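Residue numbers (this note's numbering): 303 to 483. Note that CB positions come from ideal geometry on N, CA and C, so glycine has one too. The structure displayed is predicted, hence computed values, not measured ones. Reading through the structure tokens given below for one structure.
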């Protein structure tokens, strides 16, 4: 009988010890302040590079040279690279005019910043070529512009260009079309 009592008693003692050990571990899961909910950080969508790639277009504008003023029209071809809100590129253009300048052209770099996903403000500078009185010469050309996306493949622009040595100022508007995709 002693053996039986010892077995029941030892089982009760072991069970009591186990419950004492398990109680603090279980108590950690009860009570205390509730977990804090923190608002996740706002998601900011990355800028999709809709300005990057090859484009071509046409322009029409106003030209004022050293002794005359008139209308000019022409075409441009360029390529842009986009990194987040910054756009850099290279552009070439050719224009015919109805002034003492027969034609003018330029090869320029462009660098700009997106004011909005679809609105680009840029500066431009490069080398210009001017043909007046059957004599073609090169010149430094610089300018500023604003270009807005009308769709993912078409944009409209307005820009000012200055051909410094020839005292030529150009204000023109244009349409560009993305070539390829």
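- Counting only the Cα atoms, residue 380 lies some 16 Å from residue 448.
- In the three-state reduction of the DSSP assignment, residue 473 falls in the strand class.
- The stretch 339–382 contains no complete alpha helix (DSSP H) run of 4 or more residues.
- Cβ neighbours of residue 409 within its own chain (closer than 6 Å, five residues either side excluded): 394, 428, 429.
- Measuring C-alpha to C-alpha distances from residue 413 to each of 397, 407, 391, 433 identifies 391 as the nearest.
- Residue range 437–451 is occupied by the beta strand (DSSP E) that includes residue 445.
- Straight-line spacing of the CA atoms in residue 355 and residue 419 works out to 16 Å.
- Here residue 372 is not near residue 362, since their CB atoms are 8 Å or more apart.
- Ranked by Cα distance from residue 351, the options 463, 461, 471, 451 are led by 451.
- Excluding the 5 residues flanking it on each side, residue 423 has same chain C-beta neighbours closer than 7 Å at 414, 415, 417, 448, in chain order.
- Judged by DSSP secondary structure, residue 391 falls within the beta strand (DSSP E) whose first and last residues are 388–399.
- Residue 366 places its beta carbon 8 Å or farther from that of residue 441.
- In the DSSP assignment, residue 457 falls within the beta strand (DSSP E) that extends over 456–465.
- Minimum Cα-Cα distance from residue 446 among the listed residues 439, 460, 436 corresponds to 460.
- In terms of Cβ geometry, residue 402 and residue 369 form a close pair [threshold 8 Å].
- Beta-bridge pairing by DSSP links residue 415 to 388, 423.
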